[in-house]
């Protein structure tokens with residue numbers, strides 16, 4: 001297996017942007033270790049919410065927070081919630097290790113919540129699988145993508161991880177381009193009967209951390225894909241043809257992939273800037289912001305109960321946070337709610 005990776009100026013520009021931010025983040029961007037740990041946990045929760053939604057697992061943010069706390073085993077839904085949280089944690093902890101086919105099978109088993117005492121790696125799928133396209137709301141888009149036939153999966157995955165390791169060690173191609181090519185191949189192959197999309201993004205996070213992009217765990221990677229489902233499928237459609245023969249044009253996929261990573265890096269940058277600006281928050285303002293972050297959005301009455309502040313004091317601090325760009329106001333009068341600005 002050998003992928004021909006051609007690039008254009010736009011691809012090179014995005015790679016340079018990401019490499020620059022990798023340097024800016026060096027050492028954690030001055031954010032204390034305790035705060036970074038909380039940010040990683042928050043990013044895992046948001047990533048799990050997005051991944052479960054895209055994977056057809058209906059779950060709320062509250063269920064993710066409760067399910068990921070080590071509670072007793074419950075339904076399949078909660079198993080997959082805990083599984084994806086655990087897969088993200090392992091991707092962070094094991095990022096330095098080389099990738100083998102066993103890595104893929106173990107990661108997939110973890111994602112589906114099979115990481116108990118009788119843990120066994122997932123088996124490759126043994127039946128044909130057509131990948132149906134869904135929009136960001138979970139509705140079918142009327143497009144179906146053909147994947148590898150079952151008999152070709154084991155050998156193709158062995159070839160893929162061998163190519164990956166040779167490329168990362170040989171450095172003939174930039175690591176981000178290699179990771180992008182691997183993500184396309186995994187998506188096009190869909191080596192398991194379900195959970196392939198979640199596997200791809202966990203592996204992207206793991207490989208990027210291995211390549212030195214230490215900022216990756218501090219914001220969800222899947223946000224860009226979820227918002228741009230049409231662009232995602234168009235890029236996949238244009239690049240996956242002839243991928244297994246080595247003749248595919250990877251540029252459409254790499255452009256989408258890198259654009260998604262640039263959006264992710266910009267969200268991490270915004271998070272870092274918010275963390276630095278929060279050092280000037282009053283105790284009340286910090287509690288307001290943390291409450292809104294936790295809930296997604298909140299109205300004044302709820303914030304009064306959460307903070308214990310009186311109405312006038314709360315109103316004044318909310319106005320200041322909105323004026324500073326740290327909160328966004330939605331609606332008017334009694335219907336007013338507050339949230340973290342959309343770029344977060």
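Residue numbers (UniProt numbering): 1 to 344. Yeah, the Cβ is synthetic: ideal placement off N, Cα and C, and Gly gets one too.
Taking buried to mean at least 16 other C-beta atoms within 10 Å of its own C-beta, is residue i buried or exposed?
| i | result |
| --- | --- |
| residue 106 | buried |
| residue 285 | buried |
| residue 10 | exposed |
| residue 217 | buried |
| residue 209 | buried |
| residue 80 | buried |
| residue 206 | buried |
| residue 312 | exposed |
| residue 167 | buried |
Return the chain-ordered list of same chain residues with a C-beta closer than 8 Å to the C-beta of residue i, the five sequence neighbours on each side being excluded.
| i | result |
| --- | --- |
| residue 125 | 150, 153, 190, 191, 192, 193 |
| residue 45 | 61, 64, 65, 68, 85 |
| residue 3 | 163, 181, 185, 243, 246, 248, 250 |
On the premise that residue j lies in contact with residue i, defined as a C-beta separation below 8 Å, what is that separation, rounded to the nearest angstrom?
| i | j | result |
| --- | --- | --- |
| residue 325 | residue 341 | 7 Å |
| residue 321 | residue 303 | Not confirmed; about 11 Å, so no contact. |
| residue 120 | residue 109 | 7 Å |
| residue 298 | residue 338 | 6 Å |
| residue 111 | residue 202 | 7 Å |
| residue 236 | residue 176 | At roughly 18 Å, the Cβ-Cβ gap does not stay under 8 Å, so residue 236 and residue 176 are not in contact. |
| residue 14 | residue 262 | 5 Å |
Quick check on the DSSP output: the beta strand (DSSP E) that includes residue i runs from which residue to which?
| i | result |
| --- | --- |
| residue 330 | 328-330 |
| residue 338 | 337-339 |
| residue 146 | 140-146 |
| residue 132 | 130-134 |
Who are the Cβ neighbours of residue i in its own chain at under 7 Å, not counting the five residues just before and after it?
| i | result |
| --- | --- |
| residue 244 | 156 |
| residue 128 | 149, 150 |
| residue 198 | 51, 55, 84, 111 |
| residue 39 | 218, 271 |
| residue 160 | 1, 182, 185 |
| residue 256 | 231, 232, 235 |
So is residue i in contact with chain D if we call contact Cβ pairs under 8 Å?
| i | result |
| --- | --- |
| residue 261 | Structure shown: chain D not included; a single protein chain is present. |
Note down, in chain order, each residue of its chain lying with its Cβ closer than 6 Å to the Cβ of residue i, except the 5 sequence neighbours on either side.
| i | result |
| --- | --- |
| residue 21 | 265 |
| residue 28 | 36 |
From what residue to what residue does the alpha helix (DSSP H) around residue i run?
| i | result |
| --- | --- |
| residue 10 | 9-25 |
| residue 106 | 101-111 |
Is any heavy atom in the ligand MG found nearer than 7 Å to the beta carbon of residue i?
| i | result |
| --- | --- |
| residue 167 | Summarising the ligand content, the structure contains no ligands, and the ligand MG is consequently not present. |
For this session: Output the residue ranges of the alpha helix (DSSP H) runs that lie fully inside the segment 244-277 and measure 4 residues or longer, sorted by chain position.
Result: For the segment 244-277, whole alpha helix (DSSP H) runs of length 4 or above, ordered along the chain, are 251-277.
For this session: Entirely within the segment 296-328 and at least 4 residues each: give me those alpha helix (DSSP H) ranges in chain order.
Result: Entirely contained in the segment 296-328, the alpha helix (DSSP H) runs reaching 4 residues are, in chain order, 300-307, 311-323.
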